[in-house]
Amino acid sequence: MNTALPPHALSERETRLLGHLAAEAQPRTITVDPVLALAPADVDEAVRALLSTTGTRTVPQLVAWGAAHGIVTGPHTPPTTDFRLPGRLQRILQGWVGGRTAPELAADLDVTPHTVREYDRGLRVRLGVRTQIQASITAVLAGLVLLRDIKPDWPAEPFRCAVPPGEQTA
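Numbering follows our numbering, with no gaps: position 79 of the sequence shown is 105.
Structure below.
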């Protein structure tokens with residue numbers, strides 16, 4: 027990544043948990059990971075601890091944080107570089123990566139929760155993803171949001187890969 031962000035200090039266990047969350051693994055899958063060694067009753071607490079460690083509020087914001095740090099890398103295919111979203115859909119996307127909940131977004135936009143759900147569906151269709159987590163990852167990797175949208179003290183510029191998508195390093 028070309029943009030300098032504060033370095034993350036996640037442990038191997040935390041990085042692995044973040045990977046499971048980005049892949050939308052079920053708690054049962056997470057508990058069978060021998061590196062994590064979590065009991066089913068401990069998964070929610072481990073997620074809360076990871077949110078606290080990263081200073082994020084929601085899982086969509088957490089995976090956006092992970093994408094910005096190069097921990098989460100896909101497999102979602104970002105839209106083309108000339109991709110643009112209408113204003114309200116852009117604000118919904120910025121809200122997701124910024125840790126906003128649906129009720130908060132409804133209040134921010136002065137719309138009903140039903141309208142936010144409709145925007146949510148339309149946004150996911152436009153991005154070609156199924157979930158808010160996938161949308162958050164795609165938004166960061168495609169540069170559809172600014173790093174500052176994820177964390178207010180980060181740079182006001184989009185994420186830039188050190189290696190362009192599709193190119194492999196030797």
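Note that CB positions come from ideal geometry on N, CA and C, so glycine has one too.
Within the model, the alpha-carbon separation for Thr138 versus Asp146 is close to 12 Å. Looking at the backbone, the Cα of His46 and that of Pro129 are separated by about 26 Å. Per DSSP, the unbroken alpha helix (DSSP H) holding Glu40 starts and ends at 38-48. Rounded to the nearest whole angstrom, the CA to CA distance from Ser37 to Ala48 is 16 Å. Shortest Cα-Cα distance from Ile97 to any of Arg150, Glu40, Arg152 involves Glu40. Secondary structure at Leu76: helix, using DSSP grouped into helix, strand and coil. Around the beta-carbon of Val171, 16 or more other beta-carbon atoms lie within 10 Å, marking it buried. Secondary-structure assignment with DSSP links Leu172 through a beta bridge to Pro184.
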